[in-house]
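Structure record follows, encoded as structure tokens.
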Amino acid sequence: MPRPPTDERWPAANGLASIEEAVGAFSLLREYFEGAIVVDAQTRITWMDGRYRELLKLSPSFDPIGLPVEDVIPHSLLRRVVESGRPILLDIMNFDDRQFVVCRIPLKDAQGAVDGAIGFVFYDNVDYLAPILDKFESLHRQLTRAQAALTRERQTKYSLSSFVGQSEPVRELKAMVRRFALRDGAALILGETGTGKELLAHAIHQQSDRADGPFVAVNIAAVPEALLEAEFFGVAPGAFTGADRKPRKGKFELAHGGTLFLDEIGDMPAGIQAKFLRVLQEGEIEALGSNTVKKVDVRIIAATSQDLEAKIADKSFRADLYYRIAVLTVHVPPLRDRREDMAMLCEVLLEQTMRAADERGWVITPEAIRLLQAHAWPGNVRELRNVLERAAALAPSEVLDADVINRAMPPGSVRHGGAPSRTQALAHTVADTERQAIIDALAATGGQKSAAALRLGVSRSQFYEKLKRYNIEQ
Ligand SMILES: Nc1ncnc2c1ncn2[C@@H]1O[C@H](COP(=O)(O)OP(=O)(O)O)[C@@H](O)[C@H]1O
Ligand SMILES: [Mg+2]
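Reminder that position 19 of the sequence shown reads as 19 in the numbering used here, one-by-one numbering, no gaps.
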């Protein structure tokens, strides 16, 4: 029987036929692999070849024999092979920044009982493995890039200074937000659509002790009710919950150590409200299909444009959940209550509106600002941004004057003379058609808003926004 070189230990000959076979194969394989290890039925190391020791940078005086394999190779999967009795024929393991192909095979005694396992490590001097390692490395690079992008995305984009305005209501709001940011309680941001609630949520997170942690946002109105639970709490691997639910982490877990922003909390279905409340009380989550709980440390910031107190009164929102979330409450003023901020807002929003690199930035005339101040802005800053972007697209030069602004204003708003332009006529037609489609969908669904939104192929939040924009009775 061929024997390995005498400077290396070999498992004591314990009469296992398959070990004998492994030894037989050993000298054949030796020139192909970079290292090998053998463990017994308790997954203790019984043998390790010299090259594997070098790979692991074990000091020559260190003796790994008899130690549990994880003490020497923390991420070893040999225990899994011993426990399952099934090989892992092809896997990739990192040693420092090099990747190696590893192959793990259970060793069985004459009766077929698992008696240990052997692991081989290969490197890319084996030609046929090179394509696999290349592919793996390129996927690995892609993954690293995607993860870095995701981390950047999860960091907050805005600080409190991104919230533009110097009017009295804005100064009060900012002072309050600064105070809230230092405390760690749940916060509730109330305000009409487009007033900058999400921007403020980012700012609160950014000013808080959690600034280095993740900021994770969920728009409750945009997630179908049936998927909300999985979205929040995750799906455990192996959970049999249907083909559309692959194992994944919930938003609570992703927000661990940071902030979870719940947009449109007023749209949270009753069933989820109860589960949510429990999580907030216990500080623990349980993924779908899992029977273990996980501790999570998450600060909740919620926002809504709906009247939550009215929803509590008609029992569509739980009072106990409301009190948990409304520890710190801020009201964001609508744009029409802070018209003195208009010039400053236009300046900042126009800076964010692209012009070709060789062109100068946009200029807006004082007369145009006055025109904008006269509008009621039901869609607030978001609507203002849209109007300015439309105006920028319509303007023949870099100057946005009252005429251009007038043409860019939403249909139905105050207009100042002049024949309607072709663009305006089109905007009118589109708006009228959209409005009529919404009214028809509501009629067809007996006033059921979720069903009407589904029919029109828009999210519930978009639907609510449109109801508001077109002033349709709710
Ligand atoms: N005070 C503000 N200063 C600058 N931009 C703002 C301000 N308020 C809102 N915006 C902009 O208006 C848009 C809507 O804001 P968002 O925070 O999503 O509103 P909400 O969540 O209240 O509907 C975003 O593009 C945001 O950057
Ligand atoms: Mg929003």
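Idealized CB from N, CA, C, for every residue including glycine.
Run of the alpha helix (DSSP H) containing residue i, from where it starts to where it stops
i	result
Gln-207	197-207
Glu-229	225-233
Met-344	342-351
Leu-372	366-374
Leu-160	Careful: Leu-160 lies outside any alpha helix (DSSP H) and carries neither H nor E.
Glu-253	251-254
Arg-385	380-394
Ile-312	308-313
Arg-171	168-182
Ser-290	Segment: none, Ser-290 is in no alpha helix (DSSP H) and carries neither H nor E.
Ser-84	78-84
The beta strand (DSSP E) enclosing residue i, as first and last residue numbers
i	result
Pro-106	98-108
Residues near residue i in its chain [Cβ-Cβ closer than 8 Å; skip 5 each side]
i	result
Lys-311	Gly-266, Phe-317
Leu-67	Arg-44, Ile-45
Ser-61	none
Leu-488	It is not possible to answer for residue 488, since the shown part of the chain is limited to 1 through 474.
Glu-198	Ala-217, Phe-261, Asp-263, Ala-303
Gly-361	Leu-350, Glu-351, Arg-355, Glu-398
Ala-444	Ala-452, Arg-455
Same chain, Cβ closer than 6 Å to residue i, neighbours up to 5 away in sequence not counted
i	result
Leu-479	A query on residue 479 cannot be resolved here, the shown segment of the chain reaching from 1 to 474 and no further.
Val-363	Glu-398, Val-399
Met-268	Ile-220
Lys-249	Gly-234
Trp-377	Leu-335, Arg-336, Glu-383
Glu-465	Thr-193
Cross-strand partners of residue i (DSSP beta bridge)
i	result
Lys-295	Glu-284
Ala-187	Ile-301, Leu-328
Ala-36	Phe-120
Ser-93	Here the sequence assigns Met to residue 93, which means Ser is not the residue at that position. Answer is Phe-100, bridged to Met-93.
Arg-248	Val-235
Val-363	Val-399
Val-114	Lys-108
Ile-88	Arg-104
Which of helix, strand or coil DSSP assigns to residue i
i	result
Met-48	strand
Ala-270	helix
Asn-219	strand
Thr-259	strand
Ile-73	coil
Arg-318	coil
Asp-134	helix
Arg-422	A caution first: Arg-422 carries a pLDDT of 49, below 50, which makes its placement in the model unreliable, though a value can still be read off. It is helical.
Asp-358	coil
Leu-400	strand
Ile-65	coil
Asp-212	coil
Ile-472	coil
Gln-42	coil
Arg-525	With the chain covering 1 to 474 only, the question about residue 525 has no answer from this structure.
Glu-465	helix
Leu-143	helix
Leu-58	coil
Cβ neighbours of residue i in the same chain (closer than 7 Å, five flanking residues each side left out)
i	result
Glu-389	Thr-353
Ala-408	Val-387, Arg-390, Ala-391, Leu-394
Phe-33	Phe-120, Val-121, Phe-122
Gln-51	Sequence check: residue 51 is Arg here, not Gln. Taken in chain order, the residues that qualify are Glu-34, Gly-35.
Glu-231	Val-218, Val-223, Gly-250, Lys-251
Ala-326	Leu-188
If you scan the stretch 432-462 from start to end, which runs of the alpha helix (DSSP H) of 4 or more residues do you find wholly inside it?
Secondary structure remark: continuous alpha helix (DSSP H) runs of at least 4 residues inside the stretch 432-462, in chain order: 449-456.
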